[in-house]
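Note that numbering that gives the first Met the number 0 has the sequence shown beginning at 0, numbered continuously upward.
First the structure, in the form of structure tokens, and then the observations on it.
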Amino acid sequence: MSLQTLKTLQAQLASKKISSRELVTDYLARIEAQNAAINAFITVDRAGALAAADAADAAIAAGTAGPLAGLPIAHKDIFCTEGVLTTCGSKMLANFVSPYDAHVVSQLKAAGVVSLGKTNCDEFAMGSTNENSAYGAVKNPWNLSRVPGGSSGGSAAAVAAGMIPAATGTDTGGSIRQPAGLCGITGIKPTYGTVSRYGMVAYASSLDQGGPMAHTAEDCALLLNHMAGFDSRDSTSLERAKDDYSAQLSQPLAGLKIGLPKEYFGEGLAADVRAAIENALAELRKLGASTVEVSLPNTHLAIPAYYVIAPAEASSNLSRFDGVRYGHRAAEYKDLAEMYAKSRSEGFGKEVQRRILVGTYVLSHGYYDAYYIKAQQLRRLIAEDFKQALSQCDIIAGPVAPTAAWGIGQMADDPVQMYLADIYTIAVNLAGLPALSTPAGFSAEKLPVGLQLIGNYFGEARLLNVAHQLQQATDWHLQRPQA
0 MSLQTLKTLQ AQLASKKISS RELVTDYLAR IEAQNAAINA FITVDRAGAL
50 AAADAADAAI AAGTAGPLAG LPIAHKDIFC TEGVLTTCGS KMLANFVSPY
100 DAHVVSQLKA AGVVSLGKTN CDEFAMGSTN ENSAYGAVKN PWNLSRVPGG
150 SSGGSAAAVA AGMIPAATGT DTGGSIRQPA GLCGITGIKP TYGTVSRYGM
200 VAYASSLDQG GPMAHTAEDC ALLLNHMAGF DSRDSTSLER AKDDYSAQLS
250 QPLAGLKIGL PKEYFGEGLA ADVRAAIENA LAELRKLGAS TVEVSLPNTH
300 LAIPAYYVIA PAEASSNLSR FDGVRYGHRA AEYKDLAEMY AKSRSEGFGK
350 EVQRRILVGT YVLSHGYYDA YYIKAQQLRR LIAEDFKQAL SQCDIIAGPV
400 APTAAWGIGQ MADDPVQMYL ADIYTIAVNL AGLPALSTPA GFSAEKLPVG
450 LQLIGNYFGE ARLLNVAHQL QQATDWHLQR PQA
């Protein structure tokens, strides 16, 4: 099966070589054929997708179509979608049908895309492997015994397997970049506040950010053009002129200075991952870029800071799920207190419960100053590290994860080890910077390796430009899994 990008499909639709209904029907058949093995989708909205495809075909015929009319995508099941189940990968919301669309969903719908359904994810976006889902683990299409990464693992696996050409994801500590890296696709986390969080069910409000996942940087730019923009319903949404993320894609890389943090290339980085990253950097040098060593000295503090701040915010955000207004309610209970306790114990999985407990602890009297305030101080130091490093270079590059995809269940009993898999991604969220993952070759076991590119605030167009130029010079993003 040849690689189909949004860009190539867009051209086929415009030239009437294919209709949106034919395209959507084809992708629905791919999902039906593969989802039992990969478990990338929680919900497939066949009727809604075909109706939207017919509407797109009519708009194309009438000359009133939106810029992305008829293109099929899927949404991570953390985005509210009107009339469709929005479960967040949790038993707590197993029967929740959203009465409205998230801003990201409505923006893409207005551009004409056709949503085929909702992709599997770690429960409430909490996890790095997509094993923490009430609907079962997602499998990596490159090797079905390996994890796809998380929490947007369903989106990454669906794109990598050719079940959908692109999908949305969310990134709180690496949850777009890490699964994109482990599944061999492209994914970008924009600057915090660039994409509205309205209708994106909250995990950690000061860290969460939505973004696109696709085969190519060009496709990510197409989607981000419509996902980004000010939304008055989100108090953290930034009011600024819209960027055209496709405009700089063809810009040459001559004169580009890439910073390589020495902390990202030290102990803990697998030799085969290092080799792949070095090969990708060599390709960028051939394209005219130069590299310089920089330092991010507080990198080792990112994980402890994150796992205080994120659970604290999760504890607050998830308090609304109590079995009273909506969400899972226990069948039997004696009084209100028991209803709360039983409903939340039954509705939330172990990892979510762990993070709620940690978050409640660090926010409690006597511990707030010792943990939460201290973590916020570390967050400022980490942001200053990036500011200093980016004063010496245009972008920062390094690995997305220390290893290629590991086995399903390998870290199930060791959450700390799982948290350490995010060592290279978490600091970016703490600083609010944009970053992306682009394919950079393969490990010794022929599993994908991702190259992470980190930019300054609102530097998404430059990151997409660098990734696009790398993709024009290499074929790593064109490789398809055989599993």
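The beta carbon of each residue, even a glycine, is placed where N, CA and C say it ideally should be.
Source: prediction; values computed, not measured.
**Study point:** residue 378 versus residue 72: straight-line alpha-carbon distance, rounded
**Key:** 35 Å
Pick helix, strand or coil for residue 175, following the three-state DSSP scheme. coil
query: Which full runs of the beta strand (DSSP E) of 3+ residues lie inside the stretch 100-144, going along the chain?
result: 113-118
For residue 54 and residue 13, the rounded distance between their alpha carbons: Looking at the two C-alpha atoms, the distance is approximately 15 Å.
Please list, in chain order, all residues of the same chain as residue 252 whose beta carbon is under 7 Å from its beta carbon, the five residues on each side excluded. Correct list, in chain order: 283, 286, 287, 288, 465 and 468.
Classify residue 188: buried if its beta carbon has 16 or more other beta carbons within 10 angstroms, exposed otherwise.
buried
*Inter-stretch contact (C-beta, 8 Å, three-pair minimum) for the stretch 431-448 and the stretch 175-186*: Yes, the stretch 431-448 is in contact with the stretch 175-186.
Under 9 Å between C-beta atoms of residue 125 and residue 167
no
query: According to the Cβ coordinates, are residue 120 and residue 75 closer than 9 Å?
result: yes
Assuming contact is defined by CB atoms lying nearer than 9 Å, are residue 96 and residue 84 in contact in what I supplied? yes
Quick one: is residue 387 buried, meaning 16 or more other Cβ sit within 10 Å of its Cβ, or exposed?
exposed
key: The alpha helix (DSSP H) enclosing residue 184, as first and last residue numbers   = Counting along the chain, residue 184 falls outside any alpha helix (DSSP H), and DSSP gives it neither H nor E.
Unbroken alpha helix (DSSP H) run spanning residue 453, endpoints: Per DSSP, residue 453 belongs to no alpha helix (DSSP H); it is in the beta strand (DSSP E), 447-453.
- Query: Whose C-alpha, out of 454, 426 and 17, is nearest the C-alpha of residue 262?
  - Reply: Here the closest residue by C-alpha is 426.
*asked:* Taking the alpha carbon of residue 330 as the reference point, which residue from 344, 454, 114 and 406 has its own alpha carbon closest?
replied: That would be 344, whose Cα lies nearest to the Cα of residue 330.
Whose C-alpha, out of 143, 123 and 51, is nearest the C-alpha of residue 134? 123
Give me the Cβ distance between residue 79 and residue 198, rounded to the nearest whole Å; I'm assuming they're in contact under 8 Å.
4 Å
Would you call the stretch 289-300 in contact with the stretch 256-272, where contact means no fewer than 3 C-beta pairs closer than 8 Å? yes
Exercise for review: Note down the Cα distance separating residue 247 from residue 111, rounded to an integer number of angstroms.
Suggested key: 24 Å
With H, G and I counted as helix, E and B as strand and the rest as coil, what does DSSP make of residue 420? coil
* **residue 349 - partner residues in DSSP beta bridges** => Its beta-bridge partners do not exist; DSSP assigns none.
Expressed to the nearest angstrom, what Euclidean distance is found between the alpha-carbon atoms of residue 401 and residue 443?
14 Å
**Asked** Ends of the beta strand (DSSP E) at residue 166?
**Response** 165-169
In the DSSP assignment, find the beta strand (DSSP E) that holds residue 24 and state where it starts and stops. Looking at the DSSP string, residue 24 is not in any beta strand (DSSP E); the run it does join, the alpha helix (DSSP H), is 19-37.
| query | According to DSSP, is residue 97 helix, strand or coil? | reply | If DSSP states are grouped into helix, strand and coil, residue 97 belongs with coil.
message: Looking only at its chain, what residues have a beta carbon closer than 8 Å to the beta carbon of residue 64, apart from the 5 residues adjacent to it on each side?
response: 55, 58 and 111
Reduced DSSP category for residue 290 - H, G, I as helix; E, B as strand; rest coil: strand
Let me know the secondary structure DSSP gives residue 333 once reduced to three states. The DSSP-derived three-state label of residue 333 is coil.
Out of 8, 41 and 29, state which residue places its alpha-carbon closest to the alpha-carbon of residue 19.
8
Which term fits residue 354, buried or exposed, when burial requires 16 or more other beta carbons within 10 angstroms of its beta carbon?
-> buried
State the DSSP-derived secondary structure class of residue 73, mapped to helix, strand or coil. strand
Which whole runs of the alpha helix (DSSP H) in the stretch 337-389 are 4 residues long or more, in chain order? 349-362 and 373-389
- Could you give the distance in angstroms between the alpha-carbon of residue 270 and the alpha-carbon of residue 278? 12 Å
With three or more C-beta pairs closer than 8 Å as the rule, is the stretch 207-224 touching the stretch 139-159? yes
- Task: Buried or exposed for residue 0, please, with buried defined as at least 16 other CB atoms from any protein chain shown within 10 angstroms of its CB.
- Result: Residue placement at residue 0 cannot be trusted, given a pLDDT of 45 that sits under 50; what the coordinates show is reported in the next sentence. With fewer than 16 other Cβ atoms within 10 Å, it is exposed.
| Start and end of the beta strand (DSSP E) containing residue 436? | 434-441
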